[in-house]
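S.K.: Please see the structure below; I have some questions.
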Amino acid sequence: MQLPETPMWQQVLQRVLTELETLRIVHTCRSASLYEDDRIWTLIPAHFREQISDSTSAVLQQEGAALADALLVPFVHTPESTTFLEQKDDLKTTLELAYQRLPRRKALQVRKLAPRMGQLLDQLVCFADHNEEHLQLVEVGCGRGLVSQTLSVALGAQRGRHCLDILGIEQDPRLCALFRRRWARAPQQVEAARCAVRHARIECAADIARHACLARELCDNVTHRSVILALHGCGALSAYALRTLDSERCTLQPEAVICIGCCYHKLRCRDAVAELVPDEAACVEFPLSRWLSQLEGFTFSALAYGGDALMNRSSLYLASTDATALRNPNAMHAQKILRQHHYRAMLQVVLSSLATAGDAELRRRAQMLLEAERDPRWALLRRMGKRIDQFNDFAAYARDGLECLQLPFDPELVQEIAAKYDTPLHRHRCFVFWTLCGRLAPLLEALVLLDRVVYAQECGYHAWIEAAFPAEASPRNRAIIAVRRQVADRCARAA
Numbered sequence: 001m002q003l004p005e006t007p008m009w010q011q012v013l014q015r016v017l018t019e020l021e022t023l024r025i026v027h028t029c030r031s032a033s034l035y036e037d038d039r040i041w042t043l044i045p046a047h048f049r050e051q052i053s054d055s056t057s058a059v060l061q062q063e064g065a066a067l068a069d070a071l072l073v074p075f076v077h078t079p080e081s082t083t084f085l086e087q088k089d090d091l092k093t094t095l096e097l098a099y100q101r102l103p104r105r106k107a108l109q110v111r112k113l114a115p116r117m118g119q120l121l122d123q124l125v126c127f128a129d130h131n132e133e134h135l136q137l138v139e140v141g142c143g144r145g146l147v148s149q150t151l152s153v154a155l156g157a158q159r160g161r162h163c164l165d166i167l168g169i170e171q172d173p174r175l176c177a178l179f180r181r182r183w184a185r186a187p188q189q190v191e192a193a194r195c196a197v198r199h200a201r202i203e204c205a206a207d208i209a210r211h212a213c214l215a216r217e218l219c220d221n222v223t224h225r226s227v228i229l230a231l232h233g234c235g236a237l238s239a240y241a242l243r244t245l246d247s248e249r250c251t252l253q254p255e256a257v258i259c260i261g262c263c264y265h266k267l268r269c270r271d272a273v274a275e276l277v278p279d280e281a282a283c284v285e286f287p288l289s290r291w292l293s294q295l296e297g298f299t300f301s302a303l304a305y306g307g308d309a310l311m312n313r314s315s316l317y318l319a320s321t322d323a324t325a326l327r328n329p330n331a332m333h334a335q336k337i338l339r340q341h342h343y344r345a346m347l348q349v350v351l352s353s354l355a356t357a358g359d360a361e362l363r364r365r366a367q368m369l370l371e372a373e374r375d376p377r378w379a380l381l382r383r384m385g386k387r388i389d390q391f392n393d394f395a396a397y398a399r400d401g402l403e404c405l406q407l408p409f410d411p412e413l414v415q416e417i418a419a420k421y422d423t424p425l426h427r428h429r430c431f432v433f434w435t436l437c438g439r440l441a442p443l444l445e446a447l448v449l450l451d452r453v454v455y456a457q458e459c460g461y462h463a464w465i466e467a468a469f470p471a472e473a474s475p476r477n478r479a480i481i482a483v484r485r486q487v488a489d490r491c492a493r494a495a
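Sequential numbering of the sequence shown, starting at 1, is according to the UniProt record's numbering.
Encoded structure:
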């Protein structure tokens, strides 16, 4: 394991740990809790409660981002620019058609990621013991298979004499069926790459290994070496992808893992799984590394309110576009975001009231929503934020919001909540809370990335962080790349 021993980096690490402990309440409570319980509001340090204003908000958030960057600097690698070789016109057309099927931002991500992946795959082939082996690229959580299909065209055109099999693993059978229908209609102009999507429930690294090996068995007398890709692997999926590096817990032993995380609010900590499974270490999603879990001063183990996740729903905010938008709190976009957060917090207060009053069935449904952070109805509510300007007041927002949540609209209760909480005092609390989320978000994400790099090194891999694509394509653009140390050593000797 290679960690910087310089006093400056150690000081940065200590500052990050201190900041996480100081702002613990921000990543473990709902913003609505600051409205309902004055005691929770007082848990935020006084100098933040009293001094945060439009002018200081941006400074505090920028300080958090700068501290996070300083923590990761020793592990960041900037690769040389990579481009594809000149392609035939028919392949260019096929590739452009594949990009057009992707959402705009996802297409930009894959355009930048594919050349870099092609370079890594070439290195794996060139410095392998047997060049005739097939490479198997396993995309974990592939959704509709759009990225897998596009990579099969983009990378297959570049493989030349090397065979590439791409396997997407997805838990939703409907998305797998969509892929099969679309792939059957796609022009098969690139024979060097084969692509398939398999329906699978992924609950640990062993599940990834099992389905990768099943796909290998379909190819008679062919030896495969696997590369794992988790492109915005949601929550635990990215952790499971990295756990395939552990030879003691997973038999796959991939040549490399390329992991870009997402949805850190879904990560589970040691306390959350200790009572659920006998081998808790195999299911812990953060921290992964022995170094961080044993580090003195690391006490980041409090569970989020209303679930077993390590961080609360507000941590969905990690590295989101909202985080950078609020660094200019006077801007119109920032004002819309803050208004949405304020209304959503008041709506959660309405749910809390419904959960303690009314008939038993209504109480049960409201309580279930408060505890089920992953309920898809919350996603519908988030989409309402895109049209926040259409609501003249909280009552209009609550009417549509309760309809999304499939709960009855009580105008008297809504008016009572609005009169009590739609005030300058509570708007300020909302502003303070989300300012501190913006300060904390990059620190949390940096610590997750650092933990994962160190874990890959502990597993015997050469690992680093690099920007996989521009931040404009996605704020979560930093990839953990882990390559088997023997291959990395051969590459270094050849350089």
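Ideal placement from N, C-alpha and C gives every residue a C-beta, glycine not left out.
(1) Report the rounded CA-to-CA distance for K266 versus V153, giving the unit in angstroms.
(2) Report, in whole angstroms, the separation of the C-beta atoms of V110 and V147, which I expect to be a contact under 8 Å.
(3) Here's a check: name, in chain order, each residue in its chain whose Cβ is nearer than 8 Å to the Cβ of F298, leaving out the five neighbours to either side.
(4) Which value, in whole angstroms, describes the spacing of the CA atoms of F84 and P4?
(5) Excluding the 5 residues flanking L449 on each side, which residues of the same chain have their C-beta closer than 7 Å to its C-beta?
(6) Use the C-beta contact count for T356: other C-beta atoms within 10 angstroms, 16 or more gives buried, fewer gives exposed.
(7) Compute the beta-carbon to beta-carbon distance between residue 511 and G233, rounded to the nearest angstrom, for a pair I have assumed lies under 8 Å.
(8) Let's see if you can read the secondary structure: which residues bound the beta strand (DSSP E) around I169?
(9) Suppose you measure from the CA of E472 to the CA of L231; what does that come to, to the nearest Å?
(10) Which same chain residues end up closer than 7 Å to D375 when comparing Cβ atoms and leaving out the 5 residues on each side of it in sequence?
(11) With distances taken from CA atoms, which of E458, H462, G438 and V454 is nearest A65?
(12) Could you pull out every residue in the same chain whose Cβ sits closer than 8 Å to the Cβ of R363, ignoring the five residues on either side in sequence?
(13) Can you have a look at K420 and say buried or exposed, based on whether 16 or more other CB atoms are within 10 angstroms of its CB?
(14) When you compare each of A196, R344, L380 and C459 to V483 by their alpha carbons, which one comes out closest?
(15) Can you find the residues in the same chain that come closer than 7 Å, C-beta to C-beta, to V12, ignoring five residues on each side of it along the sequence?
(16) For the region 107-123 and the region 167-174, state whether three or more C-beta atom pairs, one from each stretch, are separated by less than 8 Å.
(17) Could you give the C-beta distance for I258 and L229, rounded to a whole number, given that I count them as a contact under 8 Å?
(18) Buried or exposed for T28, going by 16 or more other Cβ atoms inside 10 Å?
(19) What residues in its chain sit with their C-beta under 6 Å from that of A200, if we drop five residues either side in the sequence?
(20) Taking the alpha helix (DSSP H) that G401 falls in, what are its first and last residues?
M.R.: Once the coordinates are examined:
(1) As a first step, residue 266 must be located in the sequence shown, where it is residue number 266. As a first step, residue 153 must be located in the sequence shown, where it is residue number 153. One C-alpha to the other measures close to 32 Å.
(2) Working through the sequence shown from its first residue, we reach residue 110 at position 110. Working through the sequence shown from its first residue, we reach residue 147 at position 147. Right, their Cβ atoms sit about 6 Å apart.
(3) Residue numbering aside, residue 298 sits at position 298 when the sequence shown is read from its first letter. For F298, where only same-chain residues beyond five positions count, the Cβ hits under 8 Å are L17, P287 and L292.
(4) Counting from 1 along the sequence shown, the entry for residue 84 is found at position 84. Counting from 1 along the sequence shown, the entry for residue 4 is found at position 4. Summary for F84: the model assigns pLDDT 47, below 50, so the residue's position carries little reliability, and this model does not support an answer.
(5) As a working mapping, residue 449 is identified with position 449 in the sequence shown. Excluding sequence neighbours, L449 sits near L72, I465, R478 and I480.
(6) Position 356 of the sequence shown, counting from 1, holds the residue named residue 356. So T356 ends up on the exposed side.
(7) Residue numbering for the chain in the displayed model covers 1 to 495; residue 511 lies beyond these limits and cannot be assessed.
(8) The sequence position of residue 169 within the sequence shown is 169, counting from 1. Run containing I169: L164 to E170, per the beta strand (DSSP E) assignment.
(9) For the purposes of this step, residue 472 is taken as residue 472 along the sequence shown, with counting starting at 1. For the purposes of this step, residue 231 is taken as residue 231 along the sequence shown, with counting starting at 1. Approximately 16 Å between the Cα atoms of the pair.
(10) Here residue 375 corresponds to residue number 375 of the sequence shown, with the count starting at 1. Closer than 7 Å at Cβ, skipping near neighbours: L369.
(11) Numbered from its first residue, the sequence shown carries residue 65 at position 65. The shortest C-alpha separation from A65 is found at G438.
(12) Within the sequence shown, numbered from 1, the residue matching residue 363 stands at position 363. Taken in chain order, the residues that qualify are L354, A355, T356 and A357.
(13) What you label residue 420 is simply residue 420 of the sequence shown in a count that begins at 1. It counts as exposed.
(14) Working through the sequence shown from its first residue, we reach residue 483 at position 483. For the residues A196, R344, L380 and C459, the minimum Cα distance to V483 belongs to C459.
(15) The sequence position of residue 12 within the sequence shown is 12, counting from 1. Around V12: L67, A70 and L71.
(16) no
(17) Along the sequence shown, one-based indexing puts residue 258 at 258. Along the sequence shown, one-based indexing puts residue 229 at 229. Contact flag correct, Cβ pair sits at about 5 Å.
(18) Indexing the sequence shown from 1 puts residue 28 at position 28. Looking at its Cβ environment, which holds 16 or more other Cβ atoms inside 10 Å, T28 is buried.
(19) As a working mapping, residue 200 is identified with position 200 in the sequence shown. Cβ neighbours of A200 beyond the five flanking positions: I169 and H211.
(20) Here residue 401 refers to the residue found at position 401 when the sequence shown is read from its first residue. It spans F394 to C404 - the alpha helix (DSSP H) in which G401 sits, taken as one unbroken run.
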